[in-house]
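Beneath this line is the structure, given in structure tokens, with notes to follow.
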């Protein structure tokens, strides 16, 4: 369906172009544009329109530019040349018959490469002859041609620079002569059958001489130049131009500056090697100026990994140019490797960025503020209608100044990086071990951590300022054009007019030149001035005319106009005489006043910079291009390897430096070094035109980015874990700690990085945020997995530590979720617990806890009733468990210090299981898995009782038919002996031990349930206090729960009902049905929460379950009384069995008192007494327990002994330990019985009455039962 | 000595230069606005891509939750006896 145009436009106007993406990368150009201003796009073909007789100059200028372009391409071929010989196979002896074929194939492959080298040889010969011829053209006095123009001088210098670089590359590439030797060898082998090979051989010999001779190109150029005389004049003009440009230094960008620095030593050698008077140069340029330049620039960048040294070049060239050897002052300059230590320190202070980063930082901050202010002014100007002309001009002029300053800053900063690299290449690391390669000495181990950090900072400044300037290109373009137009017109129509009226009134030749300037560049229609007005003014003689006011016009001069203006200014100053002494704008011998010269000079250099402003995008791209930091062709050549590992790659070294740096402020710059890869890839494709280089860069970027994402995510994860652990640390611990700072976490601003959805990388857009999110989801799961695995390698006492670590993880997840959309923690926890399904009631953790209880806790732990703790028995066999896996600190609490602090707390809860551990179990399992665990434990009790039954039957068989009360006559000794006779269990010690162990385990489970009951009651109380106000529950009389409304709705139901009623009557509500549904849901919630109020006790439930399990054995373990009276002779009830076991256990423990608590603990009492209580035998046990009777007899015996021997001390000789143990057992048993009576009261079992005659009246017997018996589920039913 | 300067027929050259200024003003104005239009399109594309990334992120979260719910419902449907009370 077509949308109306008006609606589409209206919708589009609401679309905001602002997004929340931070700018942490450099400028990225979507569409590459060619240069349009620095080099004339139409090759200065419009110059002839101005009829300045510059056609020859223009033709030669274009020819030189074309040669320079070709030379750059050939330099790329040489620079990226990789050895072919290393790829040649070596034939084994068994394949010698194929040697001829191998030679032929090798020749064909190498011929392809050698043809390119041959092409280079031919090109350099042609270029040298043309350059020499071009120079000679301006040296003949009989020729009357105009020129050379300044653009022509620049073209000469650039071509000379290309020739010098080609020579340097040829000198440095050792594989080229080697490959050529192989080529010649194969040619000799395969050319036996060919005809007319003499010319080819001669050609090969020429090529070999060319490739093997150092500085062959320069020597050839020298021969071509001095084939005729008089070329010294143009060389001196070039030197003067170079020296003055370098000394002024405000109009040059760093590529131009480096070109001049590379060319100057060669020019000096050429001019001083002439047969003519070589000292004439120093009349125009003092030798000290040259020496100062060469001294200040000890190292000059030539290629990304090749540096030049003027001093070294001069020394080396002196052996090829004999006349230059006499220049002793130039030859005594030290080369970089010859520098004394003190001078090296001076140079190091100059070259290393770390010494200037403070000043650069101040420059950057100041410039950014002023640039933003100028931009705001410009935007304000554009949004104001009919603004003041003066204000408009001021604002736009200020913007122009900001742009110029920005270019100069970028140029200076990028040049500093180039020069630092050149310096580092010239001075390898001195502490390197012999195993280091050359590249590792100059790059990998040559930058200290501080130097890398400074380099990252400077790269970030360059990229951010470049990005800022790139972004406002179309906003400032018309302002820049208007300002440049205004500057040109002001010079042409005001300054030149003044000069014509004053300085040049009587100099007709110079006046004509000035008039020509006005003719070719004046925009007369831009002001109110007319040529007629000027004529009238001049006719009136000395009448003063007012300064012209220009109307703004946003159009800039063309390259041809700038070109011609510079040429004419140069003609005015120099008069066209190449031999005129003095400098370019030197005032010695000049007839022009100083002020006028100053104005001409200033405007001359401004014109040069105009071209960079007009070529805005290309200039920004050139000045922010840092791709040279990646290239290392020369060192690949000398190291004889295919490629270096990424640890040797400077961009990756910077990224790694940021990630590993403790300074977290650098982290926002972590993506800046990746722009270096973007730049180098662009260079590989566009400049060097080598596909294999791009492939290598792409492979490295893929590898580095993967590692970067991994390291960054680890940093993020570690940071958030440390942050969470630090926040959850106990405050009192921090207060008591001597050094609390080590537990504090330094904040890191990560929210910017976490927002990035578009990282520009080799033309692709990468969503970094989704990568980080994906990694975080994975690592949180891995952390949970590790914590569970670690818990599974330890005993149940580690549950508290597990909960603490999961709390840290949960809190770190909560902190991270503020900036990143990761999966919810409960989802991840359920996943790792393996209970995502709605019908999953067990979980991995619950299964582990149950397994641990079954196999280790219940058998091996003993209860201490006083401390309410389970501790490990010392008599257990160690359980074989897998060792705890070792991981990085971030999987615990983030840092080593926080891990140590956490372990201090964890150690407090290790070695025992108590209330804190039960709290952890409840919180970790939750209401979902806890019932499963409870059911498993209850089934365990049932199984234990079933297992005990045959063993107790075995014990019962050994008992006599009746056991009476112990007689007092025999005393303690006699009673103990009598008990042993009754029991007759000596032959069943193993059976006794097993029964005791089983009872102990039942007791442990029941006590565990008691702890669980305490914890759950506390939790339920908290839940109740939260829900009570909503349900309308109040504390009533006698501790009962009362309701705030009499039979009405609870507050939550009333609230939603009233809301629904109000919404129904409200006309503006679109869907009142939703509120009705909410009202119904409130009623459902009310019912659900009220039902939960009457939850029973877990301990009572466990006791009821145990009682039900015991019912099956009631008849076997409880004899029914035959009469209505207590039968004191019953011998096979359970209380008799337990009584016998107890006294035996006490006798054993009395013999080794120190180990009494480490045998079975207090669980035995809990187990045995619970069974006795639930079987209804408590009173019988308390009356007829053997230990209790012995205690009574001991008291009687002690009293009688005191009466008989009044003077002797109280003692029942030999039985003190046993009696003491019996007293402890009685106290513990009484405690257990009172607890059981409180938690699980029994109904009256039997009732009977006795007639007055003494005969009993029998009643109906009630079954043994408890309150909740009827509701128990039957297993398997 | 070469005689620099001396534009022949200076009046005609001046007239041509004047016309050239005015023509290039028009051309500069057109080309600048075309570049501004292009800049807008580039920024629109980047912003839209960023908003789509945010939307995609939200959809991913919803998709994961939906997948979880489907698994839970599937397990519940496979065991109907557990819910028969």
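Chains as they are written, first to last, in the UniProt record's numbering: chain E, 1 to 1277; chain L, 1 to 85. The beta-carbon is built from N, C-alpha and C at its ideal position, and this holds for glycine as well. Note that the structure is a prediction, hence the values are computed from the model and not measured.
Inset, instruction - Using a threshold of 9 Å, state whether the C-beta atoms of residue 558 of chain E and residue 151 of chain E are closer than that. - result: no
Inset, instruction - Tell me residue 303 of chain E's beta-bridge partners as DSSP assigns them. - result: E:306
Inset, instruction - Ignore the nearest five residues each way along the sequence and tell me which others in residue 744 of chain E's own chain have a CB closer than 8 Å to its CB. - result: 726
Inset, instruction - Examine chain E for any beta-carbon lying closer than 9 Å to the beta-carbon of residue 66 of chain L, and answer yes or no. - result: no
Legend entry - Own chain partners of residue 441 of chain E with C-beta closer than 8 Å, once the 5 adjacent residues on each side are dropped: 428, 429 and 432
Inset, instruction - For my contact list, residue 1221 of chain E and residue 1146 of chain E are in at a C-beta cut-off of 8 Å; report their separation, rounded to the angstrom. - result: 5 Å
Inset, instruction - Would you mind listing the beta strand (DSSP E) stretches within the stretch 849 to 906 of chain E that are 3+ residues and don't spill past its ends, in chain order? - result: 861 to 864 and 869 to 872
Legend entry - C-beta atoms of residue 169 of chain E and residue 67 of chain E nearer than 9 Å: no
Legend entry - Closer than 8 Å: residue 494 of chain E CB and nearest the ligand SAH heavy atom: As presented, the structure is devoid of all ligands, the ligand SAH included, so that no description of it is given.
Legend entry - First and last residue of the uninterrupted beta strand (DSSP E) at residue 1042 of chain E: 1041 to 1043
Legend entry - Contacting residues, own chain, Cβ-Cβ under 6 Å from residue 281 of chain E (five flanking each side not counted): 236 and 271
Inset, instruction - Measure the C-alpha to C-alpha separation of residue 631 of chain E and residue 443 of chain E and round it to an integer number of angstroms. - result: 12 Å
Legend entry - Beta-carbon spacing of residue 492 of chain E, residue 521 of chain E below 9 Å: yes
Inset, instruction - Starting from residue 766 of chain E, follow its DSSP beta bridges and name the residues at the other end. - result: E:759
Legend entry - Below-9 Å beta-carbon distance, residue 139 of chain E vs any chain L residue: no
Inset, instruction - Give the C-beta separation of residue 1036 of chain E and residue 1051 of chain E to the nearest angstrom, bearing in mind that I take them to be a contact with Cβ-Cβ under 8 Å. - result: Contact doesn't hold; Cβ gap of about 17 Å is too wide.
Legend entry - Contacting residues, own chain, Cβ-Cβ under 8 Å from residue 566 of chain E (five flanking each side not counted): 149, 150, 151, 604, 607 and 608
Legend entry - Contacting positions in the stretch 48 to 77 of chain L - beta carbon closer than 7 Å to chain E: 49, 50, 51, 53, 57, 61, 64, 68, 71, 72, 75 and 76
Legend entry - Alpha-carbon spacing of residue 9 of chain E relative to residue 40 of chain L, whole angstroms: 15 Å
Legend entry - Limits of the unbroken alpha helix (DSSP H) element including residue 1029 of chain E: 989 to 1031
Inset, instruction - Pull out every residue of the stretch 755 to 775 of chain E whose Cβ sits closer than 8 Å to any Cβ of chain L, in chain order. - result: 757, 758, 765, 767, 769, 770 and 773
Legend entry - Closer than 9 Å to chain L by CB, residue 8 of chain E: no
Legend entry - Segment limits, alpha helix (DSSP H) that includes residue 35 of chain L: 10 to 78
Legend entry - Beta carbon proximity, residue 553 of chain E to chain L, threshold 9 Å: yes
Inset, instruction - Could you say if the stretch 1109 to 1119 of chain E and the stretch 958 to 970 of chain E meet the contact criterion of at least three C-beta pairs nearer than 8 Å? - result: no
Legend entry - Meets three-Cβ-pair contact criterion under 8 Å: the stretch 910 to 930 of chain E and the stretch 863 to 873 of chain E: yes
Inset, instruction - Determine, using beta carbons only, whether residue 401 of chain E comes closer than 9 Å to chain L. - result: no
Inset, instruction - Would you kindly work out how many angstroms separate the C-alpha atoms of residue 1100 of chain E and residue 1054 of chain E, rounded to a whole number? - result: 36 Å
Inset, instruction - Locate the alpha helix (DSSP H) running through residue 421 of chain E, then write down its first and last residues. - result: 389 to 426
Legend entry - Span separating the alpha-carbon of residue 655 of chain E from that of residue 708 of chain E: 8 Å
Legend entry - residue 638 of chain E (DSSP reduced to helix, strand or coil): helix
Inset, instruction - Could you tell me which residues DSSP pairs with residue 252 of chain E in its beta bridges? - result: Answer by DSSP bridge pairing: none, since residue 252 of chain E is not bridged.
Legend entry - Under 9 Å by beta carbon: chain A residues contacting residue 827 of chain E: This model lacks chain A altogether, as its protein chains are E and L.
Inset, instruction - Taking C-beta pairs closer than 7 Å, name the residues in chain L that residue 821 of chain E reaches, listed in chain order. - result: 57 and 61
Inset, instruction - Could you name the residues of the same chain whose beta carbon sits closer than 6 Å to that of residue 942 of chain E, not counting the 5 residues immediately before and after it, in chain order? - result: 1109
Inset, instruction - For the alpha helix (DSSP H) holding residue 177 of chain E, just list the boundary residues, first then last. - result: 175 to 190
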